[in-house]
Structure formats: structure tokens, C-alpha cells
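Student: I'd like to ask you about the structure that follows.
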Amino acid sequence: MLFRLLILFVTVPLVELVLLLQIAEVTGVGATLLLVLLTGIAGWWLAKREGLIAWQKFQQALQQGRVPGKEIQDGLMIVFAAALLLTPGLLTDVVGFTLLLPVGRDLLRKLIFERFLRSNVTTQFRSRTFYSSTSFGSSRGAYQPTNLDDSDVIDGKVAQRSE
């Protein structure tokens with residue numbers, strides 16, 4: 376994983392530099408700088424707009440009493456897209472703009488979900504039942520404490536409150 380990140384952090388800036396130099400060779404340095412500046416401004420505006428929309432949807436989900444999973448994912452992707460748009464370069468701008476669009480976020484969400492399903496990830500839950508004693512009797516579960524003596528016992532009463 377660390378090696379992949381190293382390759383990513385070395386390769387992406389080199390590709391961006393080569394792309395910018397090739398575009399500057401064709402269109403000129405001024406036009407290339409203007410293009411980088413305009414994509415930055417457009418990205419800032421779009422990130423702000425999409426971020427506000429995501430925030431409103433997040434609040435709506437909470438008001439409706441449902442878990443805002445999709446809204447949180449959208450917010451994280453918008454933050455990531457904004458970070459990409461702050462990075463000078465055209466390749467990162469294309470990826471950033473793609474993530475700012477709802478269609479791009481839905482596509483990425485679908486790809487991640489499918490990859491997660493293909494990875495055959497299994498989740499295992501464990502549960503232990505402890506010894507309990509009530510006025511209705513006592514029960515012992517799978518877990519049985521060992522080496523109990525009187526110092527481990529606390530006397531008390533259980534009171535039930537009705538509200």
C-alpha cells in the first residue's frame with residue numbers, strides 16, 4: 376500500500392507537468408496559465424455549490440430520522456474533489472470535476488460497492504452471554520465466569536422506573 380502511494384505521489388505530478396508543458400507548447404504559456412486559473416475558479420464555485428446541496432440533503436436525512444450514509448459519502452467525495460481542484464494541473468482537475476458532478480459520484484460509489492462485493496469480505500459477529508440472576512430465576516450462557524469468591528459479589532436491589 377505504501378509503495379502504491381509513493382508511485383501515485385511521484386507519477387501524478389510528473390504526468391501533470393508533462394500535460395501542462397504540452398498544452399503550453401500548443402496554446403502558449405499565457406493560455407495555459409489562464410486555463411489552470413479558470414478551472415480553479417470554476418472548481419471552487421462548483422465545489423461550494425455541491426457542498427451546500429450535500430449539506431442540505433444531510434440535514435434533511437437527519438430530520439427525516441434516517442441515517443445519512445449517501446449524504447456523508449457525497450460530502451467526502453466533494454471535499455476530495457475540492458482538494459484535487461486546488462492541485463494545479465489538468466488531470467487532477469478532470470477527476471475533481473467528475474467527482475463534483477452527482478453522476479460522477481454515483482459512478483464512483485457503484486464502482487467501490489462492486490469492488491467491495493467482489494473482495495468477498497465477510498463480517499463476523501460474536502456474542503457472549505453472561506451469568507444473570509433475576510427474581511424470575513437464573514440462567515447461565517456460553518460464558519461462565521471462573522474463580523468467583525465472595526469478594527466478587529455486590530449485593531443490591533434492582534429498581535424499575537416507569538416514565
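Quick note on the numbering used here: the sequence shown kicks off at 376 and runs consecutively. Don't be surprised by glycine CBs; every beta carbon is placed ideally from N, CA and C. Bear in mind that the values here come from a model prediction, so they are computed numbers and not experimental data.
(1) Alpha carbon to alpha carbon, what distance is there between Lys532 and Met376?
(2) Taking the CB atoms as reference points, tell me whether Leu459 and Gly471 lie closer together than 8 Å.
(3) Tell me which residues share the same chain as Leu421 and place their Cβ nearer than 6 Å to its Cβ, disregarding the 5 neighbours each side in the sequence.
(4) Is DSSP giving Gly516 helix, strand or coil here?
(5) I'd like the list of long-range same chain contacts for Arg439, defined as Cβ closer than 7 Å, with 5 residues on each side in sequence excluded.
(6) Can you look up Leu383 in the DSSP assignment and give me helix, strand or coil?
(7) Indicate the three-state DSSP secondary structure (helix, strand or coil) for Gln434 in the structure shown.
(8) Is Pro463 helix, strand or coil by DSSP?
(9) Check whether the segment 380 to 400 touches the segment 438 to 456, counting contact only when three or more Cβ pairs, one atom from each stretch, lie closer than 8 Å.
(10) Helix, strand or coil for Ile428? Go by DSSP, reduced to three states.
(11) Using only the alpha-carbon positions, how far apart do Glu425 and Leu383 sit?
(12) Return the first residue and the last residue of the alpha helix (DSSP H) that Leu476 is part of.
Tutor: Reading off the structure:
(1) Residue 376 sits at position 1 when you count from the first residue of the sequence shown. Residue 532 sits at position 157 when you count from the first residue of the sequence shown. Answer to the nearest angstrom: the Cα atoms are 55 Å apart.
(2) Walking along the sequence shown from the start, residue 459 turns up at place 84. Walking along the sequence shown from the start, residue 471 turns up at place 96. It is a contact, given that the beta carbons lie within the stated cut-off.
(3) Locating residue 421 in the sequence shown gives position 46, counting from the first residue. Leu475.
(4) In the sequence shown, the residue the question calls residue 516 occupies position 141. Its pLDDT being 49, under 50, Gly516 is placed unreliably in this model, and the coordinates cannot settle the point.
(5) The residue labelled residue 439 in the question sits at position 64 within the sequence shown. The question names Arg, yet the displayed sequence has Gln at residue 439. The answer is none, since no qualifying residue turns up.
(6) Walking along the sequence shown from the start, residue 383 turns up at place 8. Helix, per DSSP.
(7) Position 59 of the sequence shown, counted from the first residue, corresponds to residue 434. Reduced to three states, the DSSP call for Gln434 is helix.
(8) As a first step, residue 463 is located in the sequence shown; it is residue number 88 there, counting from the start. Looking at Pro463 - three-state DSSP - the assignment turns out to be coil, as it is neither helix nor strand.
(9) no
(10) One-based indexing of the sequence shown puts residue 428 at position 53. Here Ile428 sits in helix by DSSP.
(11) Translated into positions along the sequence shown, residue 425 becomes position 50. Translated into positions along the sequence shown, residue 383 becomes position 8. Roughly 27 Å separates the two Cα atoms.
(12) By 1-based counting over the sequence shown, the position of residue 476 is 101. Unbroken run through Leu476: none, as it is neither H nor E.
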